[in-house]
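S.K.: First, the structure itself, so that you have it in front of you.
Numbering (my numbering), first residue to last: 126 to 461.
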């Protein structure tokens, strides 16, 4: 199926756009129900799936029909349903590049607050219930958040290594790297690399479980702390991935100054976020910026020019940038 944007020059197209939240909710609900994992075991009929998922049955056939119309499922000639190619590749847990963990987190954290977008625009205040501190005290919710962050870094390791080609480095620090999904990719690709991760203390058990082998071999080290209160450990390469957009411009400047002090002489800072103005279609990155409005006190996406200017103020001598993955932009900052 080839997805096309609704024609907003027509009443029907405007109505279609206004109802696309229904499509999104269908996908998020299918992930919540583990539908794609169940179908990975093989195609099944509506009654078989209803029993296996423990559902009532009313509306379920229409639900599967909608997912089929959206291109997520396929219907066999005998009436059984199976995963479409994209769903099989990206929505079955455990597959390389799977994004279901991110969608689960989005379902829990982002979908509810979009109902209060008007209030956020009126007040400029986040609309999420509670704050990140409350999340840290709930291991189950924190586990969902961890897997959500994994979904944002799948496959980025190879692209970051390509961006560092020609740069000599022996140590790398991922700031706010959660349980180490990105760091793990880098350690696999560079067996000689010394990896470090800096994040809040509550993330350390997830890190040690996820990177047990590199931790035991002394190649992966967790540094607990708060990057606004504590100094950052030194490294040849420092990474801010999907971190700076959580904060306002003044806080970003403070973090860049800390990064400059932490990067070893001759080293490099890598910054990636969904920066604005770098893609011909900015829709996804503008949505990401609204996400920050809804869940942070002052965050938002920013432009390459803005972060480049701040990096130079912090002391970095050269700043370049390149596209990264589908929607991110990577800014590369060198220190003399």
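Glycine residues also receive a C-beta, built at the ideal position from the N, C-alpha and C atoms. Nothing here was measured: the structure is a model prediction, and the numbers come from that model.
Among the residues of its own chain, which have a CB less than 7 Å from the CB of residue 278, if the five just before and after it don't count?
M.R.: Contacts found: 306, 307 and 366.
S.K.: By the DSSP assignment, the beta strand (DSSP E) with residue 491 in it spans what residues?
M.R.: Outside the shown range of the chain (126 to 461) lies residue 491, about which nothing can therefore be said.
S.K.: Determine the burial state of residue 426: buried for a count of at least 16 other Cβ atoms within 10 Å of its Cβ, exposed for fewer.
M.R.: Buried: at least 16 other Cβ atoms inside 10 Å.
S.K.: With DSSP collapsed to three states, give me the class of residue 126.
M.R.: Its pLDDT being 46, under 50, residue 126 is placed unreliably by the model, and the measurement read from it follows with that caveat. Coil at residue 126, not helix or strand.
S.K.: If we ignore side chains and look at the alpha-carbon of each, how far apart do residue 275 and residue 312 end up?
M.R.: Looking at the two C-alpha atoms, the distance is approximately 16 Å.
S.K.: If you reduce the DSSP assignment to three classes, tell me which class residue 166 lands in.
M.R.: Note: residue 166 maps to coil in three-state DSSP.
S.K.: Have a look at residue 209 and residue 403 and give me their C-alpha separation to the nearest angstrom.
M.R.: Distance between the alpha carbons of residue 209 and residue 403: 32 Å.
S.K.: From the DSSP output, in three-state form, read off residue 446 for me.
M.R.: In this structure, residue 446 counts as strand in the three-state DSSP scheme.
S.K.: Just grab the DSSP bridge partners of residue 395 for me.
M.R.: Residue 395 pairs with 364 and 457.
S.K.: Beta-carbon within less than 7 Å of residue 126's beta-carbon, same chain only, minus the 5 sequence neighbours each way: which residues are those?
M.R.: Its pLDDT being 46, under 50, residue 126 is placed unreliably in this model, and the value from its coordinates should be taken loosely. So the list reads 196, once near-sequence residues are dropped.
S.K.: Between the alpha carbons of residue 183 and residue 406, how many angstroms are there, rounded?
M.R.: Approximately 39 Å, taken between the alpha carbons.
S.K.: Looking at residue 337: is its Cβ nearer than 8 Å to the Cβ of residue 297?
M.R.: Contact flag unset, no.
S.K.: Please report the distance separating the alpha-carbon of residue 448 from that of residue 455.
M.R.: Distance between the alpha carbons of residue 448 and residue 455: 6 Å.
S.K.: Helix, strand or coil for residue 263 per DSSP?
M.R.: Three-state DSSP puts residue 263 in coil, outside helix and strand.
S.K.: Distance, Cα to Cα, residue 379 vs residue 353?
M.R.: Their backbone Cα atoms lie some 8 Å apart in a straight line.
S.K.: Using the three-state DSSP reduction, which class does residue 380 fall into: helix, strand or coil?
M.R.: Residue 380 falls in the helix class under three-state DSSP.
S.K.: If you run the structure through DSSP and keep just helix, strand and coil, what is residue 85?
M.R.: The first residue shown for the chain is 126 and the last is 461, placing residue 85 beyond what the model contains.
S.K.: Got a sec? Which residues, its chain only, sit under 8 Å from residue 178 by beta carbon, not counting five neighbours each side?
M.R.: 158, 159, 160 and 163, listed in sequence order.
S.K.: Can you give me the Cβ contacts of residue 204 inside the same chain, cut-off strictly under 7 Å, excluding the 5 residues immediately before and after it?
M.R.: Contacts found: 170.
S.K.: Tell whether a beta-carbon distance below 8 Å holds between residue 300 and residue 364.
M.R.: Contact: yes.
S.K.: Cα separation between residue 137 and residue 193?
M.R.: Computed Cα separation, rounded: 21 Å.
S.K.: From what residue to what residue does the alpha helix (DSSP H) around residue 175 run?
M.R.: Note, residue 175: alpha helix (DSSP H), 171-178.
S.K.: Using the three-state DSSP reduction, which class does residue 208 fall into: helix, strand or coil?
M.R.: DSSP places residue 208 in strand when its eight states are reduced to three.
S.K.: Between the C-alpha atoms of residue 439 and residue 368, what's the straight-line distance to the nearest angstrom?
M.R.: Cα to Cα, residue 439 sits roughly 17 Å from residue 368.
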